[in-house]
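Chains A and B, in that order, give the protein sequences. Under UniProt numbering, the final residue of the first sequence carries the number 231; numbering is consecutive throughout. Under UniProt numbering, the final residue of the second sequence carries the number 231; numbering is consecutive throughout. Note that the Cβ used here is the ideal one computed from N, Cα and C, for glycine as well. Remarks on the structure that follows.
Protein chains: 2
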Amino acid sequence: MFHETLSGAQTSATPFKFALPHVAPAPPPATTLEARRSLALQGAFRAGNFRIRQGCIALHQSLADGRRQILDILGPGRLLGSDLMNALVCSAEPMTPTIIETLPAGPATDADVLLALRLMLKRAQAHAMLLGRKTAAEKVASALIDLAAQFAGAKRPRNERAITFRLYLTRADLADWLGLTLETVSRTLNAFKRGQVIDFRHADIITIKDTAALATLAAGELPRQMLAQDR
Amino acid sequence: MFHETLSGAQTSATPFKFALPHVAPAPPPATTLEARRSLALQGAFRAGNFRIRQGCIALHQSLADGRRQILDILGPGRLLGSDLMNALVCSAEPMTPTIIETLPAGPATDADVLLALRLMLKRAQAHAMLLGRKTAAEKVASALIDLAAQFAGAKRPRNERAITFRLYLTRADLADWLGLTLETVSRTLNAFKRGQVIDFRHADIITIKDTAALATLAAGELPRQMLAQDR
DNA sequence: CGTATATTTGACAATGGTCAACTTCAGTGG
DNA sequence: CCACTGAAGTTGACCATTGTCAAATATACG
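Below is the structure:
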């Protein structure tokens, strides 16, 4: 999940690099999505493909009795849209006001969509590993690392060891992502805080004070045999 | 475009030939994979795309300490190969001698691969729901339904209510797929047996006696709200 | 047969869930 | 400026589902 969250081609820093269409690029129309208004993917995103410019979107599924599972958390640079989601049975919910830009139809976008699809699958598989085989502490540590990679962005000062990021998810959201209860998430977060691994004054501004310790907690990294390559 | 197969990544007895047909596609050559010999996906399947004709393949990942998670179980008709797995960090293991056929390069295969990619993602998301939010009994019931759909095939007599299929997975494999222990899987399976929902005389030949009851146990199906909707 | 592996079953423990009370904080209106 | 309200978060006590450990039994294979 946390190994290269944004694979090569798409980083939030360079969102426009690949738009070299044959015609003059119209300025990509940006839309702001309202926070916490869930969008059924079959509907809203039928219309095309989009890239998140700013904000945070959760993909989730629910069972008939209300149990909910968040499938992925998407930050700046990630794609969503019809070509990506057509087959899926889930909803997308912006966790904060979120700006998305429409991608033009064309081969460049098709290639990006294919990459995004592969990234989704790779993350889904890391998520399965997390859900099926990690302990609560490992889950929370893994989640923090993933979120830091997606949301700390360029704000990270070069000389600082600590990484701070805005946590767009509530404790309940984290629980639904990690297959836990919100109480367990809260307890684990506060245990990390007491252990000086992270810090937070407000519930939604998280500082990772000890990256190495957090990585150790996330533990159970894949054996090096597998880490060698990508692509 | 294709990267060279990394030497060492695969074991010696891999029965693949890597010759790419530049011209007329020969009739799809079929290969039989040896059971229980795990294939690193970075190696063996870099060479092309394949369709499972007969047998069963598990995709799995392992953590450094040995904890294992099976990500998907692939039966006849499912695809695997370079275009599908390139980005993934996992291994493929035939659970039984498995026959795969090579797919010719071309637009038809590209389309099939895209479909297969979407199917993988859809299944990964259903799997996340299962791992994160279902109980042991629900997990096992869901697994049996999935396996019956993939492996009971045409063998199901039209007039029979019961569905019988070969279970290529051991109890430990099921546990690694469902995020449980083998003991819990065994207990749950035997509870279903005592409850007349399933039956088995040999551990690997499963008969579903009461499909409706099993579906109820798998429970927590997606709410109909999601099954048909727009806008 | 005899050995190795898979499966079943039991007793017990622990991780994480449930229930409940309390705190904090942001927003609202007197 | 300050109660009042509701939502989110924290924390404790208790408990259940599932995991752990161990032993017995079944099954497959030379």
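Could you check where the beta strand (DSSP E) with residue i kicks off and where it finishes?
| i | result |
| --- | --- |
| residue 237/A | As displayed, chain A neither begins before 1 nor continues past 231, which places residue 237/A out of reach and without an answer. |
| serine 82/B | Premise fails: serine 82/B lies in the alpha helix (DSSP H), 82-85, not in any beta strand (DSSP E). |
| leucine 88/A | Per DSSP, leucine 88/A belongs to no beta strand (DSSP E) and is neither H nor E. |
| histidine 60/B | 57-62 |
| alanine 30/B | 30-33 |
| glutamate 101/A | 98-103 |
| arginine 53/A | 49-54 |
| arginine 166/A | 163-166 |
| arginine 68/B | 68-74 |
| aspartate 199/B | 198-200 |
What residue range does the alpha helix (DSSP H) around residue i cover?
| i | result |
| --- | --- |
| glycine 132/A | 107-133 |
| asparagine 190/A | 182-194 |
| aspartate 176/B | 171-178 |
| phenylalanine 151/A | 136-151 |
| alanine 215/A | 211-218 |
Around the C-beta of residue i, are 16 or more other C-beta atoms found within 10 angstroms, so that it is buried, or is it exposed?
| i | result |
| --- | --- |
| leucine 217/A | buried |
| leucine 115/B | exposed |
| proline 29/A | exposed |
| isoleucine 205/A | exposed |
| serine 91/A | buried |
| serine 82/B | buried |
| threonine 188/A | buried |
| glutamate 183/A | exposed |
| alanine 175/A | buried |
| glutamate 34/A | exposed |
| threonine 14/A | Caution applies to threonine 14/A, whose pLDDT of 41 falls short of 50 and renders its modelled position unreliable; the value that the coordinates give is listed next. Threonine 14/A is exposed by the Cβ-count criterion. |
| residue 247/A | Absent from the structure is residue 247/A, since the part of chain A shown begins at 1 and ends at 231. |
| aspartate 173/B | buried |
| arginine 194/B | exposed |
| alanine 149/B | exposed |
| alanine 51/B | It should be pointed out that residue 51/B corresponds to arginine in this sequence rather than to alanine. Arginine 51/B comes out buried. |
| glutamate 138/B | buried |
| leucine 20/A | Residue confidence is low: leucine 20/A scores 49 on pLDDT, short of 50, so the model does not pin down where it sits. No coordinate-derived value is stated. |
| arginine 231/B | Any reading at arginine 231/B must be qualified, since the residue scores a pLDDT of 33, below 50, and its modelled position is unreliable; the value itself is stated next. Exposed, by the Cβ-count rule. |
| glutamate 4/A | With a pLDDT of only 40 at glutamate 4/A, under the threshold of 50, the placement of this residue in the model should not be trusted; the figure read from the coordinates follows. Result: exposed. |
State yes or no: is the C-beta of residue i within less than 9 Å of the C-beta of residue j?
| i | j | result |
| --- | --- | --- |
| arginine 128/A | histidine 202/B | Per the sequence shown, the amino acid found at residue 128/A is alanine instead of arginine. Not in contact: alanine 128/A and histidine 202/B (Cβ atoms no closer than 9 Å). |
| isoleucine 73/B | tryptophan 177/B | yes |
| valine 113/B | asparagine 49/B | yes |
| arginine 208/A | threonine 170/A | Here residue 208/A is isoleucine; the residue named in the question, arginine, does not match the sequence. Cβ atoms of isoleucine 208/A and threonine 170/A: not closer than 9 Å. |
| leucine 39/B | proline 76/B | no |
| leucine 121/A | leucine 131/B | no |
| glutamine 69/B | glycine 179/B | yes |
| alanine 219/B | leucine 71/A | no |
| leucine 167/B | phenylalanine 200/B | yes |
| arginine 78/B | leucine 119/B | yes |
| threonine 102/A | threonine 32/A | no |
| alanine 124/B | glutamine 196/A | no |
| arginine 67/B | lysine 134/A | yes |
| leucine 117/A | leucine 80/B | no |
message: Could you check whether the region 99-115 of chain A touches the region 210-217 of chain A, counting it as contact only if at least three pairs of C-beta atoms, one from each stretch, sit closer than 8 Å?
response: no
I'd like to know if the region 55-67 of chain A and the region 81-88 of chain B are in contact, where contact means that at least 3 CB-CB pairs between them fall below 8 Å. no
**Prompt:** Listed in chain order, which residues of the region 120-140 of chain B have Cβ atoms closer than 7 Å to some Cβ of chain A?
**Reply:** Met120, Leu121, Lys122, Ala124, Gln125, His127, Ala128, Met129, Leu131, Gly132, Arg133
Quiz item: What residues in the UniProt domain "HTH crp-type" (134-212) of chain A bring their beta carbon closer than 7 Å to a beta carbon of chain B?
Solution: Gly179
Exercise. Could you list the residues in the region 51-62 of chain B with a C-beta less than 7 Å from some C-beta on chain A, going in chain order?
Key: Gln61, Ser62
task: Residues of the region 87-101 of chain A with a CB closer than 9 Å to any CB of chain B: list them in chain order, please.
output: Ala87, Leu88, Val89, Cys90, Ser91
Near-chain A residues of the region 105-121 of chain B (beta-carbon distance less than 8 Å), N- to C-terminal order = Cβ contacts with chain A come from Leu114, Leu117, Arg118, Leu119, Met120, Leu121.
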